[in-house]
Amino acid sequence: MKIRKDDNVKVIAGNSRGKTGKVLKVIPDKNRVIVEGANVVKRHQKPDRNNQQGGIIEKEAAIHISNVMLICSNCKKAVRVSRKRNEDGTTERICRSCNKAV
Ligand SMILES: [Zn+2]
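The sequence shown maps to residues 1 to 102 in the working numbering.
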């Protein structure tokens, strides 16, 4: 997974195309991410014990990882990244636009 929690990403496909937001959650099993404010769906909730009123709640739905792009913290563009393995075994993500670590 090239996207991590708290990354800023841009949505490049679907209803929320063009939106940017912070990654709230990564779901590696499904290759999906939840992005703050993107792909918001309305759910109709019936009143229950916890929620006396019921009504419509808005919630972000997961987006497939291929439909988002990482926003580089250096050049502020939606970019592709490559992985670089350091000598100490850690990996870094390198912005292919400005060649800096993201
Ligand atoms: Zn960059």
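Here a beta-carbon is modelled for each residue, glycine too, at the ideal position from N, C-alpha and C.
Bear in mind that the values here come from a model prediction, so they are computed numbers and not experimental data.
Problem - Endpoints, beta strand (DSSP E) assigned at Ser82 - result: Unbroken beta strand (DSSP E) run through Ser82: 81 to 85.
Practice task
Could you please give the first and the last residue of the uninterrupted beta strand (DSSP E) stretch that includes Lys22?
Solution key: Lys22: member of the beta strand (DSSP E) spanning 20 to 27, first to last residue.
Exercise for the section: Just mark Ser16 as buried or exposed, buried being the case when its beta carbon has 16 or more other beta carbons within 10 Å. Expected result: Ser16 is buried by the Cβ-count criterion.
Practice task
State buried or exposed for Asn99, treating a residue as buried only when at least 16 other CB atoms are found within 10 Å of its CB.
Solution key: Counting the other CB atoms within 10 Å of its CB gives Asn99 a total below 16, which places it among the exposed residues.
Problem - Contiguous beta strand (DSSP E) assignments of at least 3 residues, all confined to the segment 45 to 89 - result: Under the rule that a run must span 3 or more residues, the beta strand (DSSP E) segments found entirely inside the segment 45 to 89 read 55 to 60, 68 to 71, 81 to 85.
Practice task
Taking Glu92 as part of the beta strand (DSSP E), name the residues at either end of that continuous run.
Solution key: Its beta strand (DSSP E) spans residues 91 to 95.
Handout entry: Residue from Ile94, Gly89, Asp88, Ile71 with nearest C-alpha to Ser82
Key = Nearest to Ser82 by alpha-carbon distance, out of Ile94, Gly89, Asp88, Ile71, is Ile94.
Problem - Distance, Lys22 Cα to Asp7 Cα - result: Distance between the alpha carbons of Asp7 and Lys22: 6 Å.
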